[in-house]
Amino acid sequence: MSRTIFAANWKMHKTAADTAAFLDAFLPKVAALPQHVEIIIAPPFLSVPSAWPALRNTRVRLGAQTMHWELEGAFTGEISAPMLREFGVSHVILGHSERRAHANETDETVRLKVRTALDQGITPIVAVGETQDQRKAGITQEHVVGQTRAALHQLSTGDLGRVILAYEPIWAIGTGQNCAPEEAQRVMAAIRGCLEGLNETPILYGGSMNAQNVAGYVAQPDINGGLVGGASLDPEGFANLIASATT
């Protein structure tokens, strides 16, 4: 059975103590899920050390929300891949629209980060998505395909198999507005078809996903799970979302 992946992006939510309490409640709820289901939790940086011991020897993997492309240097406030690996981080979200908007991330810096993550043994979760204006202009597919090609530029087929992609329409993130599953599928099919070697690459949907609508998304042939924001902050709610998609 193909992989079904749910990655929780907690953004700037949960202290270290909050993280420990969440995992105490969450881990027993997902222990018996089918083996093809993969779960990743990406807490804020200062909560990563709290999550690491709790997640060791469990099915849940530890993620981060960004990283720098250099391994060290004069980059105030940044985090490097070796620093993340030291605390058991196996996945990192790159190119999220909030990082592009507020931290001046570009297609080029995302590409550099993807290369570094792969070289350092960390799985990149590469986020792409369009604004409402781009959607209204009818250039959604053109835009997200361009972002995808830029982020994955010059990667080998083997490297493409180590990447996770995430389509998050910006206008649907945290707004309660949903991109219809069929519309998301059309975009994600275009993403999968834009480069040779993406046939087996997981593509996640993100944008106001919840337990009530998740089944409609994962029923689509090119949607392999979700990058989940607000709905991942409650342990019972996130466990129910995953169960709704996998049972």
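In terms of this note's numbering, the sequence shown opens at residue 23 and continues consecutively.
Even glycine gets a Cβ: it sits at the ideal position worked out from N, Cα and C.
Since this is a predicted model, take the numbers as computed values, not measurements.
* Inter-residue Cα distance where the pair is K135 and I186 -> On the sequence shown, position 113 is the one that residue 135 refers to. On the sequence shown, position 164 is the one that residue 186 refers to. Whole-angstrom Cα-Cα distance: 14 Å.
* **Selected residue, minimal CA-CA separation from E100, among E130, H90, L106** => Numbered from 1 along the sequence shown, position 78 holds the residue referred to as residue 100. Nearest neighbour of E100 by Cα position, chosen from E130, H90, L106, turns out to be H90.
* For the beta strand (DSSP E) that A79 lies in, which residues bound it at each end? -> One-based indexing of the sequence shown puts residue 79 at position 57. First, the amino acid is wrong: residue 79 is Asn here, not Ala. No beta strand (DSSP E) contains N79, which DSSP labels as neither H nor E.
* Straight-line CA distance for D155 to G117? -> Taking the first residue of the sequence shown as 1, we reach residue 155 at position 133. Taking the first residue of the sequence shown as 1, we reach residue 117 at position 95. The straight-line gap from Cα to Cα measures roughly 19 Å.
* Beta-bridge partners of Y227, as assigned by DSSP -> The residue given as residue 227 occupies position 205 in the sequence shown. Answer by DSSP bridge pairing, in chain order: Y189, G248.
* **When C201, E218, G110, A125 are compared against P275, the one with the closest alpha-carbon** => The question about residue 275 has no answer here: the residues shown for the chain are numbered 23 through 269.
* May I have the straight-line CA-CA distance separating A202 from L68, to the nearest angstrom? => The residue you call residue 202 lines up with position 180 of the sequence shown. The residue you call residue 68 lines up with position 46 of the sequence shown. Their Cα atoms are separated by approximately 35 Å.
* Between the Cα of G266 and the Cα atoms of A76, P56, L140, which residue gives the shortest distance? -> Within the sequence shown, residue 266 is the residue found at index 244, counting from 1. Gly is not the amino acid found at residue 266; the sequence shown has Ser there. Closest by alpha carbon: P56.
* **Residues near G151 by beta carbon distance below 7 Å, same chain, minus five either side** => As a first step, residue 151 is located in the sequence shown; it is residue number 129 there, counting from the start. Excluding sequence neighbours, G151 sits near S119, V166, Y189, E190, P191, I192.
* Ignore the nearest five residues each way along the sequence and tell me which others in T268's own chain have a CB closer than 7 Å to its CB. => Along the sequence shown, read from residue 1 onward, the residue named residue 268 stands at position 246. Listed in chain order, the non-local C-beta contacts of T268 below 7 Å within the same chain comprise T26, L55, P56, V59, local neighbours out to five positions each way being set aside.
* Closest by C-alpha distance to A53, when choosing among T37, T80, K33, P71 -> Start at 1 with the first residue of the sequence shown, and residue 53 comes out as number 31. In this structure, T80 is the residue among T37, T80, K33, P71 with its C-alpha nearest to the C-alpha of A53.
* To do: Output the boundary residues of the alpha helix (DSSP H) element that contains P203.
  => Indexing the sequence shown from 1 puts residue 203 at position 181. Looking at the DSSP string, the run of the alpha helix (DSSP H) that includes P203 is 203-214.
* Which ranges would you report for the alpha helix (DSSP H) in the region 108-196 if only whole runs of at least 4 residues count? -> Within the region 108-196, the complete alpha helix (DSSP H) runs of at least 4 residues are 119-124, 129-141, 154-158, 162-173, 179-182.
* Whose C-beta lies closer than 8 Å to the C-beta of A172 among residues of the same chain, with five residues either side of it excluded? -> As a first step, residue 172 is located in the sequence shown; it is residue number 150 there, counting from the start. Spatial neighbours of A172 in its own chain (CB-CB distance under 8 Å, excluding positions within 5 residues in sequence) are listed in chain order as D129, E130, V132, R133.
* To do: Leaving out five residues on either side along the sequence, give the residues of the same chain with a beta carbon under 8 Å from the beta carbon of M183.
  => By 1-based counting over the sequence shown, the position of residue 183 is 161. Reading the sequence as shown, one finds Gly at residue 183 and not Met. Result list for G183: G219, E222, T223, in chain order.
* With 16 other CB atoms within 10 Å as the buried threshold, where does G229 fall? -> Translated into the one-based positions of the sequence shown, residue 229 becomes position 207. Counting Cβ neighbours within 10 Å, G229 comes out buried, since at least 16 surround it.
* Counting only the same chain and skipping the five closest in sequence on each side, list residues whose C-beta sits under 8 Å from that of A38. => The residue labelled residue 38 in the question sits at position 16 within the sequence shown. The answer, listed in chain order, is L68, S69, P71, S72.
* Asked: CB-CB under 6 Å to T88, same chain, minus the five flanking residues each way: which ones, in chain order?
  -> Counting from one through the sequence shown, the residue named residue 88 turns up at place 66. If the five residues before and after T88 are omitted, its C-beta is found closer than 6 Å to the C-beta atoms of R121, all from its own chain and listed in chain order.
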